[in-house]
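Colleague: Starting off with a structure, shown below.
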Amino acid sequence: MGKSFRWYRKKVEKIEEAASPLNIVTYRKLVWIKFKTHRLALMGAVILILLVLFSFVGPLFTSVSYEDMDFGSIFSPPFTEGHFLGTDELGHDVLVRLMYGGRVSLFVGFVSALLTTIIGTAIGLFSGYYGSILDRLLMRFVDIMLSIPTLPILLTLTLVFGSGISGIILVLTVFGWMGVARLVRGLTLTIRESEYVVSAKAVGVRNLSVLFKHVLPNVLPVIIVSATLNVSYSILTESSLSYLGLGIQPPMPSWGNMLQKSMNYILGTAMGVTPWWLTFFPGMMIFFAVLNVNFLGDGLRDALDPKFTSHT
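Quick note, my numbering runs 30 ahead of the 1-based positions in the sequence shown.
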């Protein structure tokens, strides 16, 4: 009797374990399982977190400001006492300026990507869902925006709106939303014909409710991936504008304007040395930020979209 009870209890425990909600593979759990097997994406996420901590938390642990100058240590190489990554032509500490420059470059990248994603998603949703004249008008406007040569207009708008952080974000937002809009619009055109959307409309659900409760959740994975790519685009564009002297202006550092300033010295010698570190470190920060954002985006694409599989 005791043996058969124990056998029965074990069977019940196995059935309960199999039926436990903890063992049900939900969509979120499946996404996480796929994402954590993508080694490059995990590496990208970790390095991005480290870059954010370095840029936004790092300055809290130093009493040195990005404006402080040490005229006794001009063009000091890396590993100089008191200046781990060296100094520039005015004695600014390169490590500290990289921290503050990261604040600017990453903030511009993330905020610009957020704004372009919101605007592009809204236009794409309304254009694809309502169709007809609204769709044609919005898509023709997108075509016009895409046909404009970007760099000259970016330079012009930067001169008009200023080269501060808000001006750069505005310029990047104005010319960054069209790709998201076209992508979301194409997906919305397909989803609006699906059975669950047609059924919701048939029972009298309002268009806005259908749009935000049924259509948006189904395009959200693609929007998330697109947003990560917009971050890298914004960081590169800000760096390019700063490199051309039309981005963030000194004394406020950004990785782009640090790179631009270094070009005045890297091709020659300054005080008997070639200050390679002034170019190398800002360039590496831009490189690592953009590369790892792309790794993260690739991993999110593989995890969120069932049509893709990871090859890492």
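Beta carbons: idealized from backbone N, C-alpha and C, even for Gly.
(1) Rounded to the nearest angstrom, what separates Ile-104 and Pro-280 at their Cα positions?
(2) CB-CB under 8 angstroms to His-113, same chain, minus the five flanking residues each way: which ones, in chain order?
(3) Over what stretch of residues does the alpha helix (DSSP H) that includes Trp-307 continue unbroken?
(4) Whose C-alpha, out of Phe-156, Gly-277 and Thr-147, is nearest the C-alpha of Val-134?
(5) Straight-line CA distance for Ser-264 to Ser-157?
(6) Write down the C-beta distance between Thr-146 and Trp-207 rounded to the nearest angstrom, noting that I regard them as a contact closer than 8 angstroms.
(7) Looking at C-alpha atoms only, which residue of Pro-182, Val-82 and Met-73 is the closest neighbour of Leu-271?
(8) Determine, using beta carbons only, whether Val-227 and Val-240 come nearer to each other than 9 angstroms.
(9) Quick one: is Val-291 buried, meaning 16 or more other Cβ sit within 10 Å of its Cβ, or exposed?
(10) Considering just the uninterrupted stretch of the alpha helix (DSSP H) at Trp-207, what are its terminal residues?
(11) Within the same chain, show all residues whose beta-carbon is closer than 7 angstroms to that of Phe-91, passing over the 5 residues directly before and after it, in chain order.
(12) Taking Cβ positions, are Trp-307 and Leu-81 nearer each other than 9 angstroms?
(13) So, under 8 angstroms CB-CB, Ile-199 and Ser-142 are touching, yes? Tell me the CB distance rounded to an integer number of Å.
(14) Measuring straight from C-alpha to C-alpha, what distance separates Ser-229 and Thr-186?
(15) By Cβ distance below 7 angstroms, which residues in the same chain neighbour Met-315 in space, the five residues on each side in sequence not counted?
(16) Kindly indicate which residue of Ser-224, Leu-120, Leu-219 and Val-255 has the alpha-carbon position closest to the one of Asp-328.
(17) Put Asp-123 into one of helix, strand or coil per three-state DSSP.
(18) To test your reading of the DSSP string, which unbroken alpha helix (DSSP H) runs of 4 or more residues are found completely within the segment 197-285?
(19) Locate the alpha helix (DSSP H) running through Ala-171, then write down its first and last residues.
(20) Checking 9 angstroms against the spacing of the C-beta atoms, do Glu-268 and Val-138 come in under that value?
(21) Going along the chain, which residues of its own chain have a beta-carbon closer than 7 angstroms to the beta-carbon of His-244, five neighbours each way excluded?
(22) Can you say whether Ile-221 is buried or exposed, counting buried as having 16 or more other CB atoms within 10 angstroms of its CB?
(23) Buried or exposed: where does Glu-46 fall if 16 or more other Cβ atoms within 10 Å of its Cβ makes it buried?
(24) So for Val-94, helix, strand or coil by DSSP?
(25) Using only alpha-carbon positions, find the residue among Thr-56, His-68 and Ala-75 that is nearest to Val-320.
(26) Out of Leu-259, Asp-173 and Val-249, state which residue places its alpha-carbon closest to the alpha-carbon of Phe-325.
(27) With a threshold of 8 angstroms, establish whether the CB of Ser-142 neighbours any heavy atom of the ligand MN.
Modeller: Concretely, from the data shown:
(1) Start at 1 with the first residue of the sequence shown, and residue 104 comes out as number 74. Start at 1 with the first residue of the sequence shown, and residue 280 comes out as number 250. Those two C-alpha atoms are separated by around 18 angstroms.
(2) Numbered from its first residue, the sequence shown carries residue 113 at position 83. Counting only Cβ-Cβ distances below 8 angstroms, and skipping sequence neighbours, we find Asp-100, Ser-103, Ser-106, Asp-123, Val-124 and Leu-125.
(3) Here residue 307 is taken as the residue at index 277 of the sequence shown, counted from 1. It spans 307-334 - the alpha helix (DSSP H) in which Trp-307 sits, taken as one unbroken run.
(4) Taking the first residue of the sequence shown as 1, we reach residue 134 at position 104. That would be Gly-277, whose Cα lies nearest to the Cα of Val-134.
(5) Position 234 of the sequence shown, counted from the start, is the residue given in the question as residue 264. Position 127 of the sequence shown, counted from the start, is the residue given in the question as residue 157. Each residue's Cα considered, the two are about 25 angstroms apart.
(6) Taking the sequence shown and counting its residues from 1, one reaches residue 146 at position 116. Taking the sequence shown and counting its residues from 1, one reaches residue 207 at position 177. Indeed they touch by this definition, with Cβ atoms about 4 angstroms apart.
(7) Within the sequence shown, residue 271 is the residue found at index 241, counting from 1. With distances taken between Cα atoms, Leu-271 lies closest to Pro-182.
(8) In the sequence shown, residue 227 corresponds to position 197, counting from 1. In the sequence shown, residue 240 corresponds to position 210, counting from 1. Taking 9 angstroms as the Cβ cut-off, Val-227 and Val-240 qualify as a contacting pair.
(9) Translated into the one-based positions of the sequence shown, residue 291 becomes position 261. Residue 291 is actually Lys in this sequence, not Val. The residue is buried, with at least 16 neighbouring Cβ atoms inside 10 Å.
(10) Here residue 207 refers to the residue found at position 177 when the sequence shown is read from its first residue. Trp-207 -> no alpha helix (DSSP H), and no H or E assigned at all.
(11) Residue 91 sits at position 61 when you count from the first residue of the sequence shown. Correct list: empty, nothing qualifies.
(12) Your numbering for residue 307 matches position 277 in the sequence shown. Your numbering for residue 81 matches position 51 in the sequence shown. Contact check for Trp-307 against Leu-81 fails: the beta carbons are separated by 9 angstroms or more.
(13) For the purposes of this step, residue 199 is taken as the residue at position 169 of the sequence shown. For the purposes of this step, residue 142 is taken as the residue at position 112 of the sequence shown. Going by Cβ atoms, the distance from Ile-199 to Ser-142 rounds to 5 angstroms, so yes, they are a contact pair.
(14) As a working note, residue 229 is residue 199 in the sequence shown. As a working note, residue 186 is residue 156 in the sequence shown. Computed Cα separation, rounded: 49 angstroms.
(15) Here residue 315 refers to the residue found at position 285 of the sequence shown. Only Leu-128, Gly-132 and Trp-285 meet the Cβ criterion.
(16) As a position in the sequence shown, residue 328 is number 298, starting the count at 1. Comparing Cα-Cα distances from Asp-328 to each of Ser-224, Leu-120, Leu-219 and Val-255, the minimum goes to Val-255.
(17) To locate residue 123, count along the sequence shown from 1; it is residue 93. DSSP places Asp-123 within a strand segment (E or B) once states are collapsed to three.
(18) Fully enclosed alpha helix (DSSP H) runs of 4 or longer: 208-221, 225-232, 237-240 and 246-273.
(19) Locating residue 171 in the sequence shown gives position 141, counting from the first residue. Here residue 171 turns out to be Phe, not Ala, going by the sequence shown. Here the alpha helix (DSSP H) through Phe-171 covers 162-177.
(20) For this step, residue 268 is matched to residue 238 along the sequence shown. For this step, residue 138 is matched to residue 108 along the sequence shown. Contact check for Glu-268 against Val-138 passes: the beta carbons are separated by less than 9 angstroms.
(21) The residue you call residue 244 lines up with position 214 of the sequence shown. Within the same chain, His-244 has close Cβ partners Tyr-226, Val-227 and Ala-230.
(22) As a working note, residue 221 is residue 191 in the sequence shown. By the 16-neighbour rule on beta-carbons within 10 angstroms, Ile-221 is buried.
(23) As a working mapping, residue 46 is identified with position 16 in the sequence shown. Note that Glu-46 scores 49 on pLDDT, short of 50, meaning its location in the model is unreliable; the coordinates nonetheless yield the value given after this. With fewer than 16 other CB atoms across the displayed protein chains lying within 10 angstroms of its CB, Glu-46 is exposed.
(24) The residue labelled residue 94 in the question sits at position 64 within the sequence shown. Of the three classes helix, strand and coil, the one that applies to Val-94 here is coil, per DSSP.
(25) Working through the sequence shown from its first residue, we reach residue 320 at position 290. Distance from the Cα of Val-320 is smallest, within the candidate group Thr-56, His-68 and Ala-75, for Ala-75.
(26) Indexing the sequence shown from 1 puts residue 325 at position 295. When only C-alpha atoms are compared, the closest one is Leu-259.
(27) Because no ligand of any kind appears in the structure shown, any question about the ligand MN cannot be addressed here.
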